[in-house]
Amino acid sequence: MTHTEQTSADTGLLSPVRAGTPVEAAVSDGAWLQAMLDAEAALARAQARLGVLPRSAAAAVTAAADAELYDVRALALASRETANPVVGLVRALTELVADANPADAQYVHRGSTSQDVLDTGAMLVAARALRLIRADLGRTAAALAGLAAEHRDTPMAGRTLALHAVPTTFGLKAAGWRSLVVDADARLAALLDGRLPVSLGGAAGTLSGYLAFAEADGTATDPAAYAGELADAF
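In this note's numbering, the protein residues as written are 699 to 932.
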């Protein structure tokens, strides 16, 4: 008997419906890691646009924000001690940035907190998965439209309380299924068009960490205005 080395703790053996699908990859540990790194990079770029950190530092953080550069398993094990994966990830990200330019390392995760990165990462994962689901819904709606047209005159027994009722057509039944799929797609479209939220609260949810760095750098004359500008840039 031969054994195949497994690189994932969950290969979908007991969940074959999702195994190998694009959505499975979009919500994998690797996808979550990339989303958290994307959140860190987006924060650095937003702060650079507002003058809180050098653009070179934002570029360094962005260059290091590649999930392929990290050991997902090691980050998972490290999170046992910190209750979330962000602490270990920030440490690893800082080390990579420092390897490229030690002066840029101080700007990693500037003023932020684990919840900001994890929650924003979750919204990125959701948005990316929902776009894939919308594509599936579109294909499903098209297939059901075809069934509805093909079987518009195909009779079948209607049902009420699991019993046969007056006749109907399979085409009408397929059209009903399609209307539900189209409705679900419209709801997802509205959700994505309205944009999912990001988290910018800092350690205690007061924005104090972000504001402290902005004030130290002389870029925040009005805390409320700066918070709004940071959110818009982010």
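Glycine included, every Cβ here is placed at the ideal spot set by N, Cα and C.
This one's a predicted model, so the numbers in the text were calculated from it and none came from an experiment.
CA-to-CA, the gap between residue 890 and residue 876 works out to about 21 angstroms. In the three-state scheme derived from DSSP, where H, G and I count as helix and E and B as strand, residue 808 is classed as coil. One thing to note: residue 932 has its Cβ within 8 angstroms of the Cβ of residue 741. In the structure shown, residue 928 falls within a helical segment according to DSSP collapsed to helix, strand and coil. In the same chain as residue 737, and ignoring 5 residues on each side of it, the C-beta atoms closer than 8 angstroms to its own belong to 814, 815, 818, 819, 822 and 896, in chain order. For residue 724, the uninterrupted alpha helix (DSSP H) segment begins and ends at 720-724. Contact check between the segment 850-863 and the segment 770-788: fewer than three CB pairs, one atom from each, fall below 8 angstroms, which does not count as touching. Put simply, the segment 922-929 does not touch the segment 835-855. Fewer than three CB pairs are less than 8 angstroms apart. The alpha-carbon of residue 850 is positioned some 28 angstroms away from that of residue 831. A residue is called buried when at least 16 other Cβ atoms come within 10 angstroms of its Cβ; residue 795 meets this threshold and is buried. Residue environment for residue 800: exposed (fewer than 16 other C-beta atoms within 10 angstroms of its C-beta). About 4 angstroms separates the beta carbon of residue 846 from that of residue 873, a gap short enough to meet the 8 angstroms contact definition.
In the three-state scheme derived from DSSP, where H, G and I count as helix and E and B as strand, residue 709 is classed as coil. According to the DSSP secondary-structure assignment, residue 861 is paired through a beta bridge with 858.
The residue among 883, 900 and 909 with its C-alpha nearest the C-alpha of residue 812 is 900. At a Cβ-Cβ threshold of 8 angstroms, residue 752 and residue 744 do not count as neighbours. About 4 angstroms separates the Cβ atoms of residue 765 and residue 731, confirming a contact at the 8 angstroms cut-off. Note on geometry: alpha-carbon atoms of residue 749 and residue 756 lie some 11 angstroms from one another. Take the alpha-carbon of residue 878 and the one of residue 884: they are about 10 angstroms apart.
Residue 869: member of the alpha helix (DSSP H) spanning 868-891, first to last residue. One thing to note: residue 824 has its Cβ within 8 angstroms of the Cβ of residue 894.
If you look at residue 797, you'll find it in the alpha helix (DSSP H) that goes 784-798. Here the C-alpha atom of residue 929 lies approximately 40 angstroms from the C-alpha atom of residue 714.
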